[in-house]
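Data first, discussion second: the structure below is written as structure tokens.
Now the structure itself:
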């Protein structure tokens, strides 16, 4: 529903990105849905990507990105929902890299340089 142009615009008007970032930051029950919505909102939308960077969404996004997978107690396998979260986070980062330019792109790239390139190491870890 958020991918429809009318809903997409309304979401932006009602500051939906900021609300989704609050849900993610506070690790609320709807965190997974918030990650999914942000992924869909930023997909192929340079204006929304720029807005995401300007409302300081990178801090929240990369904090979620750096969280390790949680193992289930009994099976010791990774949760399917954790994998889906990572996919949405990676897709969001990809959208930001593809659809931002200038200082917004520099800010995204700078996040990977922070902390002695630990975010690059995390990307490699996810790739393996």
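Numbering (the numbering used here), first residue to last: 49 to 176.
A virtual CB, placed ideally from N, CA and C, is assigned to each residue, including glycine.
Local Cβ density within 10 Å of residue 107, reported as buried at 16 or more and exposed below that: exposed
Spatial neighbours of residue 94 in its chain, beta-carbon cut-off 6 Å, leaving aside the 5 residues before and after: The residues are 147.
For residue 157, the nearest candidate out of 72, 175, 164, 145 (CA to CA): 145
Residue 152, enclosing alpha helix (DSSP H) - first and last residue: 150-175
Beta-carbon proximity of residue 57 to residue 113, cut-off 8 Å: no
Residue-level contact to chain D via CB, residue 98, 8 Å cutoff: Structure shown: chain D not included; a single protein chain is present.
Of the listed residues 133, 52, 98, nearest to residue 80 (C-alpha basis): 133
Contact set for residue 129: own chain, Cβ-Cβ below 8 Å, skip 5 residues either direction: 80
From 174, 105, 136, 54, residue whose alpha carbon lies closest to that of residue 159: 105
Expected contact under 8 Å - CB spacing of residue 90 and residue 51 to nearest Å: Actually they do not touch by this definition, with Cβ atoms about 11 Å apart.
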